[in-house]
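Residue -18 is where the first sequence starts when you use this note's numbering, and the numbers rise one by one after that.
For glycine and all other residues, C-beta sits at the position ideal for the given N, C-alpha and C.
In this text the structure is predicted, and so the values were computed from the model without any measurement.
To start, the structure itself, in structure tokens.
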Amino acid sequence: MGCGGESWGRTPRASRGDSQLKTHHSGPTCSERSGPHRPLPWRAMRWSQAFIPTLRDDPANAEAASHRLLLRAGYVRQLSAGHYSMLPLGQRVRQKIDRIIREEIDGIGGQQFHLPAMHPAELWKRSGRWDVMGEEMFRLVDRRGSDNALGMTHEEVFAQLASEISSYKQLPQLWYQIQTKFRDEPRPKSGVLRVREFTMKDSYSLDLTWEGLDEQFDRHHAAYQRIFSRFGVDAVDVEASSGAMGGSDSVEFMVRSDAGEDWIVTCATCDYRANLERATSQVEGVDDPDAVPEAIRFATPEIRTIAALAEAFPEIAAPDRQIKTLVYMIDGSFTLVMMRGDHALQEQKLQDVTGGIDVRPAQADEIRERLGALPGSLGAVGVTEHPIIADRALKGRRALVTGANEDDWHLANVDVDRDIAVGRWADLREVVEGESCMVDGGLLDLWKGIEVGHIFKLGTKYSEAMAAIVQDENGESKPIIMGSYGIGLERSMAAVVEASHDDKGIVWPWEVTPYHVIITLLRQQDEAVVAAGDQLYEELIAAGYEALLDDRAERPGVKFADAELIGVPYRITIGPRGLESGVAEFTTRSTMETIEIPLDAVVDQLP
RNA sequence: CGGGCUGUGGCGCAGCUUGGUUAGCGCGCUUGACUGGGGGUCAAGAGGUCGGGAGUUCGAAUCUCCCCAGCCCGACCA
């Protein structure tokens, strides 16, 4: 066993309430080895020997607080767009995140694996995702001419391993790994928040029954709450879409931040919370006449928008009396999508209800070819040769206005049930801030969040594709039922910084900080200062703390600013002034409060 | 992929419009001195293929073309 990686495993005391004991390091420490380059214990570092390249100025091109601070405080460096190097401080934080995840996933019965990052195309072809993933998946050809992919996720590999399970007696299982994932993001941004290469903890539950899946899912849900709580962030669990590859009971864990890229809807007065891709709200109804005469055409020259039509014919064509007809190509199928005129389509909902993989708006020429008109004059009345999906807000509506599928003409007196062959009703509209909650009518709030975790029920898609079949107690063959659970490590690190910083720098929560305490020495030439610093440093390390000793020959201002920038929770300042009376200054980073305490009381003052 | 923009020493930038000795500035870095509780002062230094290539020209950081990289907005996005 070496001096590095394994000696750090002291459970920080603040975490789980059970460990108030001061863990003392026993046995010889690494620092007792002789030689000029003796390794230091993992939890000790002298700044003068460390690589912590802090920047005095804010880097250009760094907008998000986490991006700016992680760069400036010397945690990460960009190698290229979407690829970041973890510097020693960043790596320490990442290792702590890694460890917290392992403790909690192990705690619900997880077994850790380590799978290849590169996969043969064959594997992805079996699940059908070789074609589905498109350009988002990195692909490469080896010297034999074989296609390979860099893994975006590992359902296929785990499912293939699961095919070795043949009896229900071997279930349930919970398998996980912490691995590099590759996604060829079209637009990496915000530092480490959206990248092309990142570390993800992905776990997969294997069960015989759906009830078993539910239990493992719930256990993950609770474990995730513990994990994010230990990260020191408030991660809100929200109802979500499971995306292109299906699944159900999808829950995302979101950290509130303007740097986030997801919109979250929460109710002010109840527990309802959902990703905007999924959220619903109460829609105020519109009074319609009991019956309307036959639909009639009327001329609408040059009118192409809902607003223009409403302005030209205010008495019959208010936006909520219009049908907005959108046209999508859903896996190559030309589909009409109907919304109330004043409502917006939420595309992910369309994708979810249709199960479509390649969903895009149809182009003008495709539309004219099939409907005979251009967007602005489109409608579904009389259309029978194309599928029609309608938002439920249109159900039963009468006396509406819609395009006539002839440029410059619209139809009035449209009765949806009578005049339009709706093939499918669905909730397709995007919620707007300030609407009423479906559950209790409360006011809905809309905010931006960072997705740090995502759990959902996969079902049998991959087990069927990879022939992960077991026999149950009756000898019947059953595909293993899977769940999938992910956490982004670097993104979690960035989310912590987003949630915990001030104008001076980062403010690390206790469990993920790279060091627990920094000793700032003022006046290195003063032998008493150096001696007192060294002694305290040794004491802290012996007591199980991770300590950084700032022994650089820098001005006090530089050292203070750097300590605050890198965000270590506690700073002990030792200078000749206090030393005369045997005291040091004890500064709490989060509050920036400073107290004077005797040097020998420092260890007791720490959590 | 569409729109906007940027590449000049480790970081942040000026110079480019109007081509002309040796390419500047602040910070950082090295050495020394003075200093010493919130990014100090002075002195002496080191460090640059001006993103790359081709071209125009007597002469290109500067003008032209092509390429590359990066940033922002949008599209996209398990």
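For Glu577, which residues of its own chain have a beta-carbon under 7 Å away from its beta-carbon, when the five flanking residues on both sides are left out? As a first step, residue 577 is located in the first sequence; it is residue number 596 there, counting from the start. So the qualifying residues of the chain are Gly559, Val564, Glu566.
Tell me whether Val478 is buried or exposed, calling it buried when 16 or more other Cβ atoms sit within 10 Å of its Cβ. In the first sequence, the residue the question calls residue 478 occupies position 497. So Val478 ends up on the buried side.
Beta carbon of Asp396, beta carbon of Ala276: below 9 Å? Stepping through the first sequence from its first residue, residue 396 is reached at position 415. Stepping through the first sequence from its first residue, residue 276 is reached at position 295. Yes. Within cutoff.
Comparing C-alpha positions only, which one of Asp532, Gly525, Glu527 sits nearest to Asp515? Here the question's residue 515 lines up with position 534 in the first sequence. It is Asp532 whose Cα lies nearest to the Cα of Asp515.
Determine, using beta carbons only, whether Ala216 and Leu529 come nearer to each other than 9 Å. Taking the first residue of the first sequence as 1, we reach residue 216 at position 235. Taking the first residue of the first sequence as 1, we reach residue 529 at position 548. No. Outside cutoff.
On the three-pair Cβ rule with 8 Å, is the region 460 to 468 touching the region 47 to 67? no
Please state whether DSSP places Ser238 in a helix, a strand or coil. Your numbering for residue 238 matches position 257 in the first sequence. Three-state result, Ser238: coil.
Short Cβ contact (9 Å threshold) for Arg321 with Lys305: Your numbering for residue 321 matches position 340 in the first sequence. Your numbering for residue 305 matches position 324 in the first sequence. In this structure, Lys305 lies closer than 9 Å to Arg321 by Cβ.
By DSSP, does Trp489 sit in helix, in strand, or in coil? Against the first sequence, residue 489 aligns to sequence position 508. Looking at Trp489 - three-state DSSP - the assignment turns out to be coil, as it is neither helix nor strand.
Just the Cα atoms here: how many angstroms apart are His482 and Asp38? Here residue 482 refers to the residue found at position 501 when the first sequence is read from its first residue. Here residue 38 refers to the residue found at position 57 when the first sequence is read from its first residue. Using only the alpha carbons, I get a separation of about 17 Å.
Within the chosen definition, does the region 249 to 258 reach the region 401 to 420 through at least 3 CB pairs nearer than 8 Å? yes
Are there three or more Cβ pairs, one per stretch, closer than 8 Å when the region 544 to 563 is compared with the region 496 to 512? yes
Here's the rule I'm using: 16 or more other beta-carbon atoms within 10 Å means buried, otherwise exposed. How should Thr575 be labelled? Position 594 of the first sequence, counted from the start, is the residue given in the question as residue 575. Taking all protein chains in view, the Cβ of Thr575 is surrounded by fewer than 16 other Cβ atoms within 10 Å, so the residue is classified as exposed.
Determine the closest residue to Asn386 out of Val173, Gly357, Ile431, with distance taken between C-alpha atoms. What you label residue 386 is simply residue 405 of the first sequence in a count that begins at 1. For Asn386, the nearest C-alpha among the options comes from Gly357.
Quick check on the DSSP output: the beta strand (DSSP E) that includes Phe163 runs from which residue to which? To locate residue 163, count along the first sequence from 1; it is residue 182. It spans 154 to 163 - the beta strand (DSSP E) in which Phe163 sits, taken as one unbroken run.
Which residues does DSSP pair with Ser458 in a beta bridge? Numbered from its first residue, the first sequence carries residue 458 at position 477. Partner(s): Gln452.
Are at least three pairs of beta-carbons, each pair with one atom in the region 65 to 85 and one in the region 262 to 280, less than 8 Å apart? no
Cβ shell of Leu580 (< 7 Å), same chain only, five flanking positions each side left out: Indexing the first sequence from 1 puts residue 580 at position 599. If we look at Leu580 and ignore the five residues flanking it on each side, its Cβ neighbours are Ala513, Leu517, Gly563, Val564, Ala565.
How far does the beta strand (DSSP E) with His435 in it extend, from its first residue to its last? Residue 435 sits at position 454 when you count from the first residue of the first sequence. Residues 425 to 440.
Do you know how far the Cα of Tyr309 is from the Cα of Val340? Position 359 of the first sequence, counted from the start, is the residue given in the question as residue 340. Position 328 of the first sequence, counted from the start, is the residue given in the question as residue 309. Val340 and Tyr309: Cα-Cα distance of roughly 7 Å.
Burial state of Leu60 (16 or more Cβ within 10 Å): Counting from one through the first sequence, the residue named residue 60 turns up at place 79. Exposed, by the Cβ-count rule.
If you run the structure through DSSP and keep just helix, strand and coil, what is Val382? Residue numbering aside, residue 382 sits at position 401 when the first sequence is read from its first letter. Val382: strand per DSSP, three-state reduction.
CA nearest to the CA of Trp28, picked from Ala45, Gly525, Asp543: Residue numbering aside, residue 28 sits at position 47 when the first sequence is read from its first letter. The shortest C-alpha separation from Trp28 is found at Asp543.
Measure the C-alpha to C-alpha separation of Gly55 and Arg237 and round it to an integer number of angstroms. Your numbering for residue 55 matches position 74 in the first sequence. Your numbering for residue 237 matches position 256 in the first sequence. Gly55 and Arg237: Cα-Cα distance of roughly 25 Å.
Which whole-angstrom value describes the C-beta separation of Asp183 and Tyr205, a residue pair presumed to lie in contact below a C-beta threshold of 8 Å? Taking the first sequence and counting its residues from 1, one reaches residue 183 at position 202. Taking the first sequence and counting its residues from 1, one reaches residue 205 at position 224. Wrong, their Cβ atoms sit about 13 Å apart, outside the cutoff.
Is it buried or exposed, Glu471, if we count other Cβ atoms within 10 angstroms and call 16 or more buried? Position 490 of the first sequence, counted from the start, is the residue given in the question as residue 471. Its Cβ being crowded by 16 or more others within 10 Å, Glu471 is buried.
What residue range is occupied by the uninterrupted alpha helix (DSSP H) comprising Asp128? Within the first sequence, residue 128 is the residue found at index 147, counting from 1. From DSSP, Asp128 is part of no alpha helix (DSSP H) but of the beta strand (DSSP E) over 128 to 131.
Could you work out which residue in Thr316, Glu527, Glu178, Gly336 is closest to Leu359 when comparing CA atoms only? Numbered from its first residue, the first sequence carries residue 359 at position 378. Selected option, being the one with the closest Cα: Thr316.
Tell me, which residues are paired with Lys182 by DSSP? Numbered from 1 along the first sequence, position 201 holds the residue referred to as residue 182. Paired residues: Ile159, Ile468.
Applying the 10 Å Cβ sphere with the 16-neighbour rule, what's the burial state of Leu460? Taking the first residue of the first sequence as position 1, residue 460 is located at position 479. Here the sequence assigns Pro to residue 460, which means Leu is not the residue at that position. Pro460 comes out buried.
Closer than 6 Å by C-beta to His435: which residues in its own chain qualify, once you throw out the five before and the five after it? Chain order, please. Numbered from 1 along the first sequence, position 454 holds the residue referred to as residue 435. Here the set comprises Glu233, Gly467.
Output yes or no for whether 9 Å exceeds the beta carbon distance between Phe163 and Leu131. Sequence index remark: in the first sequence, residue 163 carries index 182 (1-based). Sequence index remark: in the first sequence, residue 131 carries index 150 (1-based). In contact: Phe163 and Leu131 (Cβ atoms closer than 9 Å).
Throw me the rounded Cβ distance for the Val584 and Ala534 pair, which I believe falls under 8 Å. Within the first sequence, residue 584 is the residue found at index 603, counting from 1. Within the first sequence, residue 534 is the residue found at index 553, counting from 1. Contact between Val584 and Ala534 does not hold, since their C-beta atoms are separated by about 27 Å, which reaches or exceeds 8 Å.
From which residue to which residue does the alpha helix (DSSP H) around Arg175 run? Mapped onto the first sequence, residue 175 falls at position 194. First-last for Arg175: undefined, no H or E at that position.
Please look up how many angstroms separate the CB atoms of Asp333 and Ser229, rounded, as I've assumed it's under 8 Å. In the first sequence, the residue the question calls residue 333 occupies position 352. In the first sequence, the residue the question calls residue 229 occupies position 248. Going by Cβ atoms, the distance from Asp333 to Ser229 rounds to 10 Å, so no, they are not a contact pair.
Name the two residues that bound the continuous alpha helix (DSSP H) containing Leu52. Indexing the first sequence from 1 puts residue 52 at position 71. That run of the alpha helix (DSSP H) goes 46 to 53.
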